[in-house]
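Chemist: Take this structure, written in structure tokens, and hold onto it; I'll ask about it next.
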Amino acid sequence: MRTYNLDLTPLFRSSVGFDRVGQMLDTAFNSEAPSYPPYNIEKLDDDAYRVTMAVAGFGAGDIDITQTNNSLVLKGEQGKTDGEDTYLHRGIATRAFERRFDLADHVNVTKADLVNGLLVIDLKREVPEELKPRKIEIAAGTEPHTLDHDRKAA
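Under numbering that gives the first Met the number 0, the letters of the sequence shown match residues 0 to 153, in that order.
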């Protein structure tokens, strides 16, 4: 596996609170992540995403999808067989899996479908109105306010 060493110091000179991003990138490039099951992540538009995972052999009841805060966890475990099957060749993976995805703030799962061995999960970023930028109007042409007061000699 290829190892990368990134120097993100110039990036952090003008930002505050993003030091953890460098650690996450370093971990992502230098650790061996599990490759089963394979998946794709698509960006559908500015606020919509889709995760597609190949889960051939798993039924909807074998897969658990959990979203907690900014984490999406997908677990799959096929039902146990009674052990009476005799195989001449067993090449279809039936092992359990757990896959975690870190989600950005305000990204939520909108739906999940299992079609032809592909688990398709749609996500959407929905920023609350109170957190969206708002335009502040500047008043122009108003007279400055002055206070008149009587000066009394002591």
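By construction, the Cβ of each residue, glycine as well, lies at the ideal position given by its N, Cα and C atoms.
To the nearest angstrom, how far is the alpha carbon of Lys74 from that of Tyr35?
Modeler: The residue you call residue 74 lines up with position 75 of the sequence shown. The residue you call residue 35 lines up with position 36 of the sequence shown. Cα to Cα, the separation comes out at about 11 Å.
Chemist: At which residues does the beta strand (DSSP E) containing Ile64 begin and terminate?
Modeler: Stepping through the sequence shown from its first residue, residue 64 is reached at position 65. Looking at the DSSP string, the run of the beta strand (DSSP E) that includes Ile64 is 62-67.
Chemist: In the DSSP assignment, find the beta strand (DSSP E) that holds Ser70 and state where it starts and stops.
Modeler: For the purposes of this step, residue 70 is identified with residue 71 of the sequence shown, where counting begins at 1. Unbroken beta strand (DSSP E) run through Ser70: 70-75.
Chemist: Note down, one range per segment and in chain order, each beta strand (DSSP E) of at least 3 residues found wholly within the segment 85-125.
Modeler: 96-101, 106-114, 117-124
Chemist: Assess contact between the segment 122-131 and the segment 101-109, defined as three or more Cβ pairs (one per stretch) separated by less than 8 Å. Is contact present?
Modeler: Segments in contact, yes.
Chemist: What is the residue span of the beta strand (DSSP E) that Ala47 lies within?
Modeler: Position 48 of the sequence shown, counted from the first residue, corresponds to residue 47. Here the beta strand (DSSP E) through Ala47 covers 47-53.
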